[in-house]
Amino acid sequence: MKDKEREENKFIKRMKSDYTFRTFVFSALSFFVTVAFTAYNVFLAVVYKSPYNLGLSVYYALLLCIRLFVILSELRFNKAGYNNEQIESGRKKLFFMQSIMLFVIDLALVAPVSMMVLQQKDVNYSEIPAIMMAAYTVYKIVTATINFIKTRKSTHLSVKILRNINFVDALVSVLSLQYTLIMTFNGGISGNMFTVCALSSFAIWALIAVISVLTLIGAVHSRAELL
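1071 is the number of the first residue of the sequence shown in the numbering used here; add one for each residue after it.
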C-alpha cells in the first residue's frame, strides 16, 4: 500500500514540476476523447447517412493517428535507451512526417467547414447544451493558447507538434461553436450573417493552415540539419 502511495505521490510531483511529462499525459487523455468523437461521428454518418459527420469522422481519425504516432514514437525513444543526441535526431526525422500529417488534417477540414457554411449540417441543440458547449470551447481555446505561447521557444519537437495539434483542435471547436450558436439563437444563416459566417470560417481555417505551413517549414529546416 505504501509503495502504491509513493508511486502516486511521485506521479503527482512530476505532473506539477515536469511540463513535458504533463503535456504527454494530457495528450494521452485527449487521445481517448478523440476516440469517442471519432466513433460518435462514424455512428451518425452511418445511421443518418450524413456527409458532414463522415467528413468530421475523417478529421478526428486523422487527429487520432497523429496523436498516437507522436506518443508511441516518444515511448519508443525512451524504451530503446537512446542517448540525447540519437533521440533528438529521431525526433527531427519524425517531426517532418508529423508536420505533413498535420497539413493533411487541414485539407480534410475543407469539406466539413464548407458544409457548415452552406447549412448542410443539422443542429438540434437547445439553449442550455449550446451554452455548455460554448463554455467548454472557451476553456479549450484558452488552455491551448496558453500552452502554445508557453512552448513557443521549446526545442522539444514532440511537445511542439502536440501543442500545434491541440491548438488546431481548439480552433476547429471554435468553428463548430460558431455554427451551433448561429443556428440555435439566430435560426439559420442568411443575408449578411451568411457573409460574416463564411468570412470568419475562412479566417479560422486560414489560421489553421498558417500554423501547419509554419510547422512544416520548421520541420524542413530541422530535417536539413541532419543532411
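Yeah, the Cβ is synthetic: ideal placement off N, Cα and C, and Gly gets one too.
Keep in mind that this is a model prediction, so the values were computed, not measured.
Assign residue i to one of two classes, buried (16 or more other C-beta atoms within 10 Å of its C-beta) or exposed (fewer than that).
i: Met1085; result: exposed
i: Asn1154; result: exposed
i: Lys1149; result: exposed
i: Thr1104; result: buried
i: Ala1276; result: exposed
i: Val1290; result: exposed
i: Lys1265; result: Going by the sequence as given, residue 1265 is Thr instead of Lys. With fewer than 16 other Cβ atoms within 10 Å, it is exposed.
i: Lys1083; result: exposed
i: Asn1262; result: exposed
i: Ala1205; result: exposed
What span of residues does the alpha helix (DSSP H) with residue i cover, start to end?
i: Met1048; result: Only positions 1071 to 1297 of the chain appear in this structure, which leaves residue 1048 out of reach.
i: Leu1126; result: Pro1121 to Ala1150
i: Ser1228; result: Leu1227 to Leu1251
Taking the C-alpha atoms as reference points, what is the distance between residue i and residue j?
i: Arg1293; j: Leu1251; result: 43 Å
i: Val1280; j: Lys1210; result: 20 Å
i: Gly1125; j: Leu1227; result: 29 Å
i: Arg1298; j: Val1242; result: A query on residue 1298 cannot be resolved here, the shown segment of the chain reaching from 1071 to 1297 and no further.
i: Lys1223; j: Leu1179; result: 28 Å
i: Phe1102; j: Val1187; result: 29 Å
i: Asp1239; j: Phe1218; result: 12 Å
i: Ala1181; j: Ile1278; result: 15 Å
i: Gln1248; j: Ser1271; result: 9 Å
i: Thr1225; j: Ile1141; result: 17 Å
i: Thr1221; j: Val1212; result: 14 Å
i: Leu1134; j: Ser1100; result: 9 Å
Once DSSP output is grouped into helix, strand and coil, what is the label at residue i?
i: His1291; result: helix
i: Asp1088; result: coil
i: Leu1099; result: helix
i: Ser1271; result: helix
i: Thr1221; result: coil
i: Leu1114; result: helix
i: Leu1296; result: coil
Taking residue i and residue j to be in contact with their CB atoms under 8 Å, please state how far apart those CB atoms are, rounded to whole angstroms.
i: Ser1127; j: Leu1286; result: Rounded, the Cβ-Cβ distance is 25 Å, inconsistent with contact.
i: Ser1097; j: Leu1232; result: 5 Å
i: Ile1175; j: Tyr1122; result: Actually they do not touch by this definition, with Cβ atoms about 17 Å apart.
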